[in-house]
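**Q** Sharing a structure below in structure tokens format, with a few things to ask.
Protein chains: 2
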Amino acid sequence: MTDNESVPISKKTTTDKQAPGRRGELLATAAEVFAAQGYTATTVRRIADAAGLLAGSLYYHFDSKESMLDEILSTFLDELWAGYDAVLAARLGPRETLEALVTESFREIDRHRAAVAIYQREAKDLAGRPRFGYLAESQRKFERAWLGTLERGVADGTFRADLDVRLAYRFVRDTVWVAASWYRPGGAHSPEEIARQYLSMVLDGIAVRT
Amino acid sequence: MTDNESVPISKKTTTDKQAPGRRGELLATAAEVFAAQGYTATTVRRIADAAGLLAGSLYYHFDSKESMLDEILSTFLDELWAGYDAVLAARLGPRETLEALVTESFREIDRHRAAVAIYQREAKDLAGRPRFGYLAESQRKFERAWLGTLERGVADGTFRADLDVRLAYRFVRDTVWVAASWYRPGGAHSPEEIARQYLSMVLDGIAVRT
DNA sequence: TAACCTACCAAACACTTGTTAGGGAAGGAT
DNA sequence: ATCCTTCCCTAACAAGTGTTTGGTAGGTTA
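Order-wise, the sequence lines are chains R and L.
In terms of numbering that gives the first Met the number 0, the first sequence has 21 at position 22, counting the first letter as 1, and numbering is strictly consecutive.
In terms of numbering that gives the first Met the number 0, the second sequence has 196 at position 197, counting the first letter as 1, and numbering is strictly consecutive.
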């Protein structure tokens, strides 16, 4: 296993991804292709085509196809957890925490659409491999954050007590993250607007109150 | 339909699928592997292993790997639409139609878990290929059924008018179908029970009414 | 000038992929 | 006993896979 050399922190570039220079560009296009076709269905020659070079040349920048995927996912998760941890550290009430987590999630989808789509598709299979152990760890943290918030809300009367909390957790989680499969940045709605509407449905339902 | 154990080379262990004879058995195991690893990530040798024969022998039963996928998906969709059409033909009110569609969906997930998981993963890419054109057609029918029901509900005051209907459609659709990724038949909840809870959340929200 | 670094290409490598061809064992029907 | 059908195996095929090696053009530094 090669040690990850320190990933340079960056400023914003033209694409959505970070990481400066050629390496960052290549990662961004790789993420795009992975998201569109799936990881295993994507050949390195396809990535190279999209980036405008030959397949072998990718190995000047990366150890392997797998290490590209690794870097894409870990970079995304690092930024995701920076946002989540900030929300959780604020120690808001259950409802406000839920709202902040959902809003933050849609912001991440907006910024890392490709990475989120890849994560959705491949995380389940990858979490088993040792190299991607951080995916399983992230999923546990994820569950603790969301499930804990829901349980706090049930305890203090914010959320309904007659629902299976675990079911509600999966409901909220999936509801938010599958949006990455159809969301396109620059569309009609901003991430915050989508978050607002989603929260309205999740919290109050789509039926008219009688 | 209880003892659905075993992993390796089994002969009986009928899974959820039907279809008689050896062909049906092979399709069921193929669906299981496709669902677990993804279509392109699955090799025909892996399917053959799980079924207890050699890769080449699969071609006595099927034309190609793709035709296995085709048969799995089209069989599932045929049965799905039989259920949906029955619901729609009943011409219930918007709320009752929604409830019936959701319940029917969870029943299909219960019966065709593997096929649904495959559909979720691969439909987007496959819909482009001519052979799988029925996937795109099915998606259009799907959208008409759900979106139409929501619009009828907004028109007659059943559903909230202050929500983006298209967003609500994706919300409901995704909420229901991603359940196939974690649902396991024979679990704690019956399909009907899960449908009831999901409907409760979608219609009335998870927040306590004040 | 020479040395060096970055970013790439051209060509091959070993391996895996889906698929095919020919053959044969078992069993029922004739 | 013969035929036929069903089901599978052995052995290979060409195409495609991720990856490696050696080389090179152009810019920067010494």
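From the three backbone atoms N, C-alpha and C, an ideal C-beta is built for every residue, glycine too.
It should be emphasised that the depicted structure is a prediction, and the values quoted were computed from it without experimental measurement.
1) Does chain R have any CB closer than 8 Å to the CB of G156 of chain L?
2) Going along chain R, which residues have a C-beta under 9 Å from I117 of chain L?
3) Check the DSSP bridge columns for A270 of chain R and list the partner residues they point to.
4) Terminal residues of the continuous alpha helix (DSSP H) containing T96 of chain L?
5) In chain order, what residues of the same chain have a beta carbon less than 6 Å from the beta carbon of A194 of chain R, not counting five sequence neighbours either side?
6) If you follow the alpha helix (DSSP H) that F131 of chain R is part of, which residue opens it and which one closes it?
7) Let's see if you can read the secondary structure: which residues bound the alpha helix (DSSP H) around T39 of chain R?
8) Give the straight-line distance between the Cα atoms of A88 of chain L and A144 of chain L, rounded to the nearest whole angstrom.
9) Report the three-state DSSP secondary structure of A89 of chain L (helix, strand or coil).
10) Can you pull the chain R residues whose beta carbon is under 7 Å from the beta carbon of A40 of chain L, in chain order?
11) Taking DSSP as the reference, what is the three-state secondary structure of G51 of chain R?
12) Kindly list, in the order they appear in chain R, the residues whose Cβ is closer than 7 Å to that of T174 of chain L.
13) Please state whether the Cβ-Cβ distance between L162 of chain L and S189 of chain R is less than 8 Å.
14) As a quick exercise: from R:T96, R:G55, R:R208, R:T28, pick the residue whose alpha carbon is nearest that of L149 of chain R.
15) What does D77 of chain L reach in chain R if we use C-beta pairs closer than 8 Å?
16) In this structure, how does DSSP classify W176 of chain R when only helix, strand and coil are distinguished?
**A** Judging by the given coordinates:
1) At least one beta carbon of chain R lies nearer than 8 Å to the beta carbon of G156 of chain L.
2) Neighbours of I117 of chain L on chain R: none; closest Cβ ~12 Å, over 9 Å.
3) Outside the displayed range of chain R (0 to 209) lies residue 270 of chain R, so it cannot be described from this structure.
4) Per DSSP, T96 of chain L belongs to the alpha helix (DSSP H) from 93 to 110.
5) Apart from the 5 residues on each side of it in sequence, A194 of chain R sits with its Cβ closer than 6 Å to the Cβ of V101, T102, F105 in its chain, given in chain order.
6) It is not in any alpha helix (DSSP H) - F131 of chain R carries neither H nor E in the DSSP assignment.
7) Counting along the chain, T39 of chain R falls outside any alpha helix (DSSP H), and DSSP gives it neither H nor E.
8) In a straight line, the C-alpha of A88 of chain L is about 11 Å away from that of A144 of chain L.
9) Looking at A89 of chain L - three-state DSSP - the assignment turns out to be coil, as it is neither helix nor strand.
10) Residues of chain R with a Cβ closer than 7 Å to the Cβ of A40 of chain L are, in chain order, T39.
11) DSSP places G51 of chain R in coil when its eight states are reduced to three.
12) Correct list: F170, D173, T174.
13) Taking 8 Å as the Cβ cut-off, L162 of chain L and S189 of chain R do not qualify as a contacting pair.
14) For L149 of chain R, the nearest C-alpha among the options comes from R:T96.
15) Within 8 Å Cβ-Cβ: nothing; D77 of chain L doesn't reach chain R, min ~25 Å.
16) Residue state, collapsed to three classes: helix.
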